[in-house]
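A.B. asks:
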Amino acid sequence: MSGADALVGVVLVSHSKAVAEAVAELTVGLAGQGAKVPVAAAGGTPDGGLGTSSELIAAAARQVDRGAGVALLVDLGSAVLTVKAMVAEGDELPADARLVDAPFVEGAVAAVVSASAGADLAAVVAAAEEAHGYRKE
332 MSGADALVGV VLVSHSKAVA EAVAELTVGL AGQGAKVPVA AAGGTPDGGL GTSSELIAAA
392 ARQVDRGAGV ALLVDLGSAV LTVKAMVAEG DELPADARLV DAPFVEGAVA AVVSASAGAD
452 LAAVVAAAEE AHGYRKE
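Once you know that position 128 of the sequence shown is 459 in this note's numbering, the rest is easy, because the numbers rise by one and skip nothing.
#1: How long is the line joining the alpha carbons of G398 and R466, rounded to whole angstroms?
#2: With a threshold of 16 other CB atoms inside 10 Å of the CB of H346, please say whether the residue is buried or exposed.
#3: So V431 and T358 are supposed to be a Cβ contact under 8 Å. How far apart are they, rounded?
#4: Whether or not the region 377–387 and the region 452–466 are in contact is what I'm after, with contact meaning three or more pairs of Cβ atoms, one per stretch, closer than 8 Å; do they touch?
#5: Taking only the alpha-carbon atoms, compute the straight-line gap between A337 and A392 and give it to the nearest angstrom.
#6: Any idea what DSSP makes of V339, helix, strand or coil?
#7: To the nearest angstrom, how far is it from the Cα of E356 to the Cα of P425?
#8: Under 7 Å between the Cβ atoms of G380 and K348?
#9: How close, in whole Å, do the beta carbons of L403 and R429 come, if the pair is a contact with beta carbons under 8 Å?
#10: So, with DSSP's three-state summary, where would you put L424?
#11: Give me, in chain order, the residues of the same chain whose beta-carbon lies closer than 6 Å to that of S447; leave out the 5 immediate sequence neighbours on both sides.
#12: At which residues does the alpha helix (DSSP H) containing A439 begin and terminate?
#13: Can you tell me whether R393 is helix, strand or coil according to DSSP?
#14: Within a Cβ cutoff of 7 Å, which residues of the same chain sit near L452, ignoring the five residues on either side of it in sequence?
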């Protein structure tokens, strides 16, 4: 895809492969049957352990990059640090990759739903970041 048809890609970075994959499945399911948003899970380490991997994150970002930007949502701790370093270095991720400051599950759902509606990268990031305000009481 390119031009006006390009969709923002979403990468879900977690310390756990199972968590990243489950959140990816949830977001795609909630976005609706016709959603074609490129979503990729980058969870755990290459050997299947808990942790984060710049190699897995970079591969996931390349997989979802359609030319409209890539939003990266992370769970916690070293995932944040890893993605921040990758964005700062700028050579492993697409040029228009953004670390999103959002709660992992709620932000991921908001990002994928807005991307599926054709929102641009700034709007996808804003939708995900608005999830900070979601109250559960």
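Ideal Cβ positions, reconstructed from N, Cα and C, are used throughout, including at glycine.
C.D. replies: Let me lay it out:
#1: Position 67 of the sequence shown, counted from the start, is the residue given in the question as residue 398. Position 135 of the sequence shown, counted from the start, is the residue given in the question as residue 466. Their backbone Cα atoms lie some 34 Å apart in a straight line.
#2: Stepping through the sequence shown from its first residue, residue 346 is reached at position 15. H346 should be labelled buried.
#3: For this step, residue 431 is matched to residue 100 along the sequence shown. For this step, residue 358 is matched to residue 27 along the sequence shown. Separation of the CB atoms of V431 and T358 is rounded to 13 Å, and the pair is thereby denied contact status at 8 Å.
#4: With a cut-off of 8 Å on Cβ pairs, the region 452–466 is not in contact with the region 377–387, counting fewer than three such pairs.
#5: Within the sequence shown, the letter at position 6 stands for residue 337. Within the sequence shown, the letter at position 61 stands for residue 392. The straight-line gap from Cα to Cα measures roughly 15 Å.
#6: To locate residue 339, count along the sequence shown from 1; it is residue 8. Coil at V339, not helix or strand.
#7: By 1-based counting over the sequence shown, the position of residue 356 is 25. By 1-based counting over the sequence shown, the position of residue 425 is 94. Approximately 23 Å, taken between the alpha carbons.
#8: Within the sequence shown, the letter at position 49 stands for residue 380. Within the sequence shown, the letter at position 17 stands for residue 348. Contact flag unset, no.
#9: Here residue 403 refers to the residue found at position 72 of the sequence shown. Here residue 429 refers to the residue found at position 98 of the sequence shown. About 7 Å; that satisfies the 8 Å criterion.
#10: What you label residue 424 is simply residue 93 of the sequence shown in a count that begins at 1. Residue state, collapsed to three classes: coil.
#11: Within the sequence shown, the letter at position 116 stands for residue 447. The answer, listed in chain order, is A362, A366 and V368.
#12: For this step, residue 439 is matched to residue 108 along the sequence shown. It spans F435 to S447 - the alpha helix (DSSP H) in which A439 sits, taken as one unbroken run.
#13: Mapped onto the sequence shown, residue 393 falls at position 62. Here R393 sits in helix by DSSP.
#14: As a working mapping, residue 452 is identified with position 121 in the sequence shown. Excluding sequence neighbours, L452 sits near V339, A399, G400, A402, D427 and R429.
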